[in-house]
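The opening residue of the sequence shown carries number 9 in this note's numbering; numbering runs sequentially from there. This report refers to the structure that appears directly beneath it.
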Amino acid sequence: MSIPRSILDAYDPERFRADGHKLIDMLAGQLARWQRREGPVVPWRDPARARSHWAESTSSGDFVDDLARIAAASTAVANPRCMAHQVPPPLPAAALAELVSAILNNGMAVFEMGPAAVPIELAVIEWMCGTLGLPRGAGGVLTSGGSLGNLTALLAMRQAHAGFDVWKAGAHGGPPLAVIVSSEAHYSVSRTLAIMGWGEGGAIRAAVDARHRMTARAVEDALAQAQGSDRRVIGIIAAAGSTATGAYDPLGELADLAAARGLWLHVDAAHGGGAALSPTHRGKLAGIERADSIVWDAHKLLMMPALVTAVLFKREHHAYEAFAQQASYLFAETPPAEHWWDLGQRTLECTKRMMAIELWVALRSRGEAWFTDVIDRQHELATELAQKLADAPDFELALEPESNIVCYRHRPPGMTDQGALDRHNRALRERVVTDGRFYIVGTTLPTGYHLRSTLMNPLIEPDDLHDLIAHLRKLCP
Ligand SMILES: *Cc1c(COP(=O)(O)O)cnc(C)c1O
């Protein structure tokens with residue numbers, strides 16, 4: 009019984025070497041073109057036509073050439089004219105580390121399927137806890153994205169604070185529960201509460217102040233409002249770097265309130281956690297070390313390729329409460345914390361990418377100072393763009409940016425009607441996307457629809473910001 013030639017050929021190490029060299033040459037060329045600002049940022053195409061194009065497209069006979077075609081048809085996140093979502097141009101060395109993860113394919117649920125990746129993940133988690141100033145005894149796990157991170161943390165919160173064993177009795181085994189969330193919380197929070205079976209009433213919304221922050225005062229008002237309902241409030245969900253505006257909730261006063269009321273404090277720092285690496289911006293996170301649980305995406309300010317998310321707990325044992333279940337074929341029959349090396353007990357994923365190695369390699373090869381440089385630059389670029397917009401007579405800045413997210417709108421002379429302004433700015437953003445030379449997004453704030461730019465790329469120059477404003481003026485409907 010001989011191995012078919014097709015199989016031997018596919019796994020031939022010399023073929024891999026040749027393909028790999030060609031692939032890296034192709035990607036290096038692509039990186040250089042992006043940095044020269046060549047090509048569109050968004051190669052816009054009608055979705056239905058794009059769909060039939062790729063469905064009918066065949067291989068050129070060389071898969072590296074096929075991949076080059078995919079790259080050319082993709083949104084150029086690494087082009088400095090991309091100033092849109094909270095998605096960084098990944099650190100190239102981290103992308104290479106991801107290739108290693110793909111080749112090694114250690115699934116990590118149990119220690120022997122990740123004898124290097126599991127301890128590296130625990131080292132990275134320890135570093136993240138230390139960076140945020142969490143006390144001894146803190147710990148956590150890496151998971152696939154902030155949305156899944158929020159679900160994991162809130163499952164642990166519920167198991168710890170519901171007052172009944174939700175894992176055994178089910179969501180309806182006790183009184184209906186709720187949490188207080190900011191009116192500007194990321195949608196994954198309300199989605200999480202719905203997944204947990206709490207319905208829409210599970211989220212009690214607290215208003216934000218003029219700086220888009222949820223203050224302790226607003227939480228107290230929401231708690232008073234909850235008094236009359238049948239819901240028992242068990243937690244407060246704060247944001248450290250909100251998605252829409254990058255605003256930081258005042259974590260110190262929220263931690264005081266949570267402690268006084270016996271509530272769980274969860275901080276969604278998916279975006280803003282990285283500020284902890286900057287002596288200039290760290291103060292915005294003051295109080296985060298008192299949170300019961302925290303979510304922090306390394307694929308945002310820390311420049312990792314998606315997805316690398318930390319779910320951190322002030323008391324590590326809470327990490328085992330999210331999925332308070334035993335899978336006997338995988339895990340030992342002993343209390344989960346005695347087998348702290350089997351990470352699958354703490355995550356929804358069974359098999360998981362070796363996501364920690366990217367961050368570990370970046371930290372070891374570049375050092376923490378590199379992250380400080382990047383994060384400071386992202387914030388400086390946001391301040392610079394905000395200044396340029398504030399100085400422009402035909403633009404309006406929604407708020408001074410606290411993070412690297414800038415919200416603004418174009419206001420043609422004489423246009424004061426809110427509906428007209430919304431329509432004008434929506435139309436303008438659509439033109440930006442279909443034109444494709446720059447990329448920005450939009451968001452609806454209490455004051456209306458706004459354009460939104462997240463300055464993720466540290467290679468953006470002030471000229472790019474100037475050119476963006478000129479471009480927007482030219483594309484005005
Ligand atoms: C980005 C973001 C999320 C979602 O994270 P994903 O990794 O995209 O799933 C959640 N919360 C906040 C505040 C975010 O900025």
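In this text, a Cβ means the ideal position worked out from N, Cα and C, and glycines have one as well. From a predicted model like this one, the values you see are computed outputs, not experimental measurements.
Assumed close pair residue i, residue j - CB separation to whole angstroms, cut-off 8 Å
{"i": "His-194", "j": "His-289", "result": "Incorrect: roughly 20 Å between the Cβ atoms, too far for contact."}
{"i": "Pro-98", "j": "Pro-313", "result": "4 Å"}
{"i": "Ala-327", "j": "Gly-148", "result": "6 Å"}
{"i": "Met-486", "j": "Asp-300", "result": "The shown model of the chain, from 9 to 485, leaves out residue 486, and the question about it has no answer."}
{"i": "Leu-459", "j": "Arg-437", "result": "6 Å"}
{"i": "Thr-253", "j": "Ile-413", "result": "6 Å"}
{"i": "Thr-462", "j": "Ala-92", "result": "6 Å"}
{"i": "Leu-293", "j": "Trp-304", "result": "Their Cβ separation, rounded to whole angstroms, is 10 Å, which puts Leu-293 and Trp-304 out of contact at 8 Å."}
{"i": "Asp-203", "j": "Val-241", "result": "Here the sequence assigns Ile to residue 203, which means Asp is not the residue at that position. The pair is not a contact, with the Cβ atoms about 19 Å apart (cut-off 8 Å)."}
{"i": "Arg-225", "j": "Leu-407", "result": "Not quite, the Cβ-Cβ distance comes to about 19 Å (not below 8 Å), so this is no contact."}
{"i": "Ile-133", "j": "Leu-150", "result": "7 Å"}
{"i": "Asp-257", "j": "Arg-199", "result": "The Cβ separation is near 20 Å, so there is no contact."}
{"i": "Ala-248", "j": "Gly-281", "result": "7 Å"}
Start and end residues, alpha helix (DSSP H) containing residue i
{"i": "Thr-455", "result": "Here Thr-455 belongs to no alpha helix (DSSP H), and DSSP marks it neither H nor E."}
{"i": "Ser-60", "result": "55-64"}
{"i": "Val-319", "result": "From DSSP, Val-319 is part of no alpha helix (DSSP H) but of the beta strand (DSSP E) over 317-321."}
{"i": "Asp-264", "result": "259-269"}
{"i": "His-279", "result": "Looking at the DSSP string, His-279 is not in any alpha helix (DSSP H), and its letter there is neither H nor E."}
{"i": "Arg-225", "result": "224-235"}
{"i": "Leu-285", "result": "From DSSP, Leu-285 is part of no alpha helix (DSSP H); its letter is neither H nor E."}
{"i": "Pro-470", "result": "470-483"}
{"i": "Val-108", "result": "100-112"}
Closest Cα partner of residue i within the set the options
{"i": "Ala-398", "options": "Val-382, Ile-383, Arg-417", "result": "Arg-417"}
{"i": "Ile-32", "options": "Arg-59, Asn-465, Ala-76, Gln-426", "result": "Ala-76"}
{"i": "Pro-48", "options": "Gly-450, Glu-469, Leu-480, Phe-446", "result": "Phe-446"}
{"i": "Ala-278", "options": "Gly-182, Asp-384, Pro-344, Ala-161", "result": "Ala-161"}
{"i": "Gly-444", "options": "Gly-260, Leu-320, Leu-453, Leu-483", "result": "Leu-483"}
{"i": "Ala-330", "options": "Leu-436, Leu-163, Asp-264", "result": "Leu-163"}
{"i": "Val-275", "options": "Ala-318, Pro-287, Leu-310, Thr-253", "result": "Ala-318"}
{"i": "Leu-39", "options": "Pro-21, Ala-103, Trp-52", "result": "Ala-103"}
{"i": "Pro-470", "options": "Gln-395, Gly-243, Val-441, Ala-168", "result": "Gln-395"}
{"i": "Ser-411", "options": "Ala-390, Gly-427, Leu-467, Val-50", "result": "Ala-390"}
{"i": "Ala-131", "options": "Arg-166, Ala-364, Glu-404", "result": "Ala-364"}
{"i": "Ala-255", "options": "Pro-466, Leu-453, Pro-485", "result": "Leu-453"}
{"i": "Pro-401", "options": "Asp-257, Pro-420, Leu-407, Ala-125", "result": "Pro-420"}
{"i": "Thr-486", "options": "Trp-52, Arg-437, Arg-240", "result": "This structure gives no information on residue 486, because the portion of the chain shown stretches from 9 to 485."}
{"i": "Glu-261", "options": "Met-311, Thr-462, Glu-297, Gly-145", "result": "Glu-297"}
{"i": "Ser-152", "options": "Gly-456, His-93, Leu-315, Arg-437", "result": "Leu-315"}
{"i": "Ala-105", "options": "Leu-293, Ser-190, Ser-373, Thr-251", "result": "Ser-373"}
{"i": "Asp-238", "options": "Ala-186, Gly-37, Gly-157, Leu-467", "result": "Ala-186"}
{"i": "Ala-110", "options": "Met-362, Ile-383, Thr-462, Thr-380", "result": "Met-362"}
{"i": "Gly-122", "options": "Arg-144, Ala-202, Lys-360", "result": "Lys-360"}
{"i": "Ala-415", "options": "Glu-392, Gly-157, Pro-96, Gln-233", "result": "Here residue 415 is Cys; the residue named in the question, Ala, does not match the sequence. Cys-415 has its Cα closest to that of Glu-392, out of Glu-392, Gly-157, Pro-96, Gln-233."}
{"i": "Ser-196", "options": "Glu-64, Ala-247, Ala-246, Asn-158", "result": "Asn-158"}
{"i": "Leu-310", "options": "Gly-181, Thr-139, Ile-245", "result": "Thr-139"}
{"i": "Arg-431", "options": "Gly-456, Glu-408, Thr-442", "result": "Gly-456"}
{"i": "Gln-43", "options": "Pro-287, Ile-468, Glu-208", "result": "Ile-468"}
{"i": "Gly-145", "options": "Ser-10, Ala-170, Glu-64, His-325", "result": "His-325"}
{"i": "Ala-86", "options": "Gln-167, Val-50, His-169, Gly-209", "result": "Val-50"}
{"i": "Ser-250", "options": "Ala-179, Thr-451, Trp-175", "result": "Thr-451"}
{"i": "Ala-230", "options": "Ser-191, Asp-384, Gly-182", "result": "Ser-191"}
Endpoints, beta strand (DSSP E) assigned at residue i
{"i": "Ile-245", "result": "240-247"}
{"i": "Ile-302", "result": "301-305"}
Proximity test, Cβ basis, 8 Å: residue i and chain B
{"i": "Phe-321", "result": "Absent from the structure: chain B. Only one protein chain is present."}
### Message
Just to confirm the assignment: which complete beta strand (DSSP E) runs, minimum length 3, are found wholly within the segment 350-438?
### Response
Complete beta strand (DSSP E) runs here, min 3: 403-405, 413-418.
### Task
Just list the beta strand (DSSP E) runs in the segment 137-220, keeping only unbroken ones of 3 residues or longer that don't cross its boundaries, in chain order.
Correct list: 147-151, 185-190, 211-214.
### Query
How about the segment 118-126 and the segment 349-361: do they share at least three Cβ pairs that are nearer than 8 Å?
Yes, the segment 118-126 is in contact with the segment 349-361.
### Message
Give the list of continuous beta strand (DSSP E) stretches no shorter than 3 residues that lie fully inside the segment 10-87.
### Response
You should have found no qualifying run.
### Task
Give a yes or no on contact between the segment 259-272 and the segment 208-215, applying the rule of three or more CB pairs nearer than 8 Å.
Short answer: they don't touch.
### Segment contact, 8 Å Cβ cut-off, at least three pairs: the segment 51-66 with the segment 12-27
With a cut-off of 8 Å, the segment 12-27 and the segment 51-66 do not count as touching, because too few Cβ pairs lie within range.
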